[in-house]
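Quick notes on the structure that follows.
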Amino acid sequence: MATILFVYARLSIQAAKRNAHLHREADGGQISWHNESLRRHGKLDAPEEQ
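In terms of numbering that gives the first Met the number 0, the sequence shown has 17 at position 18, counting the first letter as 1, and numbering is strictly consecutive.
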């Protein structure tokens, strides 16, 4: 059970880092909280993976 939790935690952290990196690139190198808010409310398209 501990192994499953460990693997899940590692994968979740990696996915969060990838997602943050993708959003930073889309916003010009730094996360724009305004753009992030617009994305979450459906007024701005999500960044595409390259």
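Virtual Cβ for every residue (Gly too), placed ideally from N, Cα, C.
{"Check": "DSSP three-state assignment for VAL43, whether helix, strand or coil", "Outcome": "The identity of residue 43 in the sequence shown is Leu, whereas the question assumes Val. Coil at LEU43, not helix or strand."}
{"Check": "Stretch-stretch touch, CB-based, cutoff 8 Å, three pairs: the stretch 18 to 26 with the stretch 35 to 47", "Outcome": "yes"}
{"Check": "Between the CA atoms of GLY28 and LYS16 - distance to the nearest angstrom", "Outcome": "14 Å"}
{"Check": "Collapsed DSSP secondary structure at SER31 in the structure displayed", "Outcome": "coil"}
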